Amino acid sequence: GNYNFIGIDEANQFPETWVEELSTSARTDNKELKPQICLTSNPGNIGHVWLKRKFVERCEPVPDEKIYSDTFDVEYMKTKSGRPYKDSEGITWQFIPATVFDNPTILNNDPIYVRRLKKLNPILRSMWLEGRWDVFAGTFFDNWSMTHHVIPQEKFQYDKHFKRGTHSFYRFYDYGTKAPFVCLFAAVNEEGVMVIFDEVVETGLSASQQARLVTKHAWKKYKLRATDFDEEIADPSYWTKHAAGEVFYSPAMYYEDEGISLSKGNNDRKAGAKVVYEGFNIPNEGVPRISFTENCLYSIETIPNLPSAENNPEDIDTKSEDHAYDALRYGCMKLLFGLLPSYPKEKKGWREEMLKERGGAKGENWKTL
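Numbering (our numbering), first residue to last: -15 to 353.
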């Protein structure tokens, strides 16, 4: 149906694709009306990344003044809305910042709520009391560091810093059509240190189109053919067959037709999460087993912000934007499997064991502590 106005409360609880699909119903046959979509949200949860990207970063709030509340003994920064943003399709976006201090009903009728927010850990307090979007609690990879895990492109250039002979090359794939398909390009040296040096991310492509895009990208940018990659490790869903006329064909078979022979990745989610987490750990010498070059924008935006599963702190929330992570996980399960900790099954979860070995809680992963 047609809706002139759509309102979604707590939009951070939903994946971006869900909200995008709902927004297609905001339309009208009355030229006097302008359809509107209004979202409310706190910082955090699975929608944090896409809401921050679409609203907060496009319409940066303007600092107004610091205010001290005698009632609650707290100082906070009041902010105003920045300029609206109009995209290439003529759609106007506006971010309206607000905190609990903008809600007199709560302040007057439930002051204990504000005092509870004051007692939260520093990150949650910043998010829920001060309304800050530049912090995010509950991230799974609490060991991520932009300094250690993101490499400037000029320090890792193909043919200058790495090439065939000094590194082995791999590609990792996560399948998607409506959701993004992701291909990560990995270079691994003799010590087993992995650098993701490029990525291909697209939606709406068939399996054949995906394979052709990857082939074209590798040749145009690096003069690399499929035979230059030691292995192409992929999401097991690539082997799901669908009817194609009188035969059943899988995405892997379409890739094969385009000259890319995929090998099936291990889809053990918990084990994969362990391997990737271990790969991000920073040893004393400061070089983690997994890092990315700065041109891998999608991976760098999504992977560090992935939340833990609500009822399973040893896995990623599958409703989050985990496509780049899944591709990385398949590759790491094949190439870095030796990083799996060998904790006896009767003991606590692997994250709790790792924290115990470190001598207590580390990081701000509040959901798992």
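C-beta atoms are modelled at their ideal positions from N, C-alpha and C, and glycine is treated no differently.
As the structure is a prediction and not an experimental result, all values here were calculated from the model.
For the beta strand (DSSP E) assignment, the uninterrupted runs of no fewer than 3 residues enclosed by the region 153 to 195 are, from N- to C-terminal side, 165 to 172, 178 to 186. DSSP places T286 in the uninterrupted alpha helix (DSSP H) bounded by 281 to 286. Per DSSP, D71 lies in no beta strand (DSSP E) segment and is marked neither H nor E.
The C-alpha of T211 lies about 48 Å from the C-alpha of L23. Cβ contact annotation for I244 (same chain, cutoff 6 Å, sequence separation greater than five): A195, A210, E216, in chain order. Under the three-state reduction of DSSP, I(-8) is assigned to strand.
Around the beta-carbon of W128, 16 or more other beta-carbon atoms lie within 10 Å, marking it buried. In this structure, the beta-carbon distance from L197 to V185 does not fall below 8 Å. Counting of Cβ neighbours within 10 angstroms places R99 among the exposed residues, the total staying below 16. DSSP places Q78 outside both helix and strand once states are collapsed to three, so it counts as coil. Counting along the chain, the unbroken alpha helix (DSSP H) around E240 starts and ends at 235 to 241.
Rounded to the nearest whole angstrom, the C-alpha separation of E16 and N(-12) is 11 Å. If the five residues before and after K248 are omitted, its C-beta is found closer than 7 Å to the C-beta atoms of A218, P220, W223, all from its own chain and listed in chain order. CA-CA distance, P88 to V40, rounds to 24 Å. Here R313 is buried: its Cβ has 16 or more other Cβ atoms, across all protein chains shown, within 10 Å. Per DSSP, reduced to three states, the secondary structure at L23 is strand. Apart from the 5 residues on each side of it in sequence, I21 sits with its Cβ closer than 7 Å to the Cβ of I(-10), S7, A10 in its chain, given in chain order. For N92, DSSP assigns no beta-bridge partner whatsoever.
Residue environment analysis places W203 among the exposed positions, since fewer than 16 neighbouring C-beta atoms fall within 10 angstroms of its C-beta. Straight-line spacing of the CA atoms in E175 and E269 works out to 13 Å. T286 is not a Cβ neighbour of I135, given a cutoff of 8 Å.
Cβ-Cβ distances below 6 Å link L101 to W112, L113 in the same chain, with the five nearest sequence neighbours on each side left out; the list follows chain order.
Nearest Cα to S304 within the set G66, P19, T123, K50: T123. With a threshold of 16 other beta carbon atoms within 10 Å, E138 falls short and is exposed. Put simply, the backbone Cα of Y159 is about 36 Å away from that of P81.
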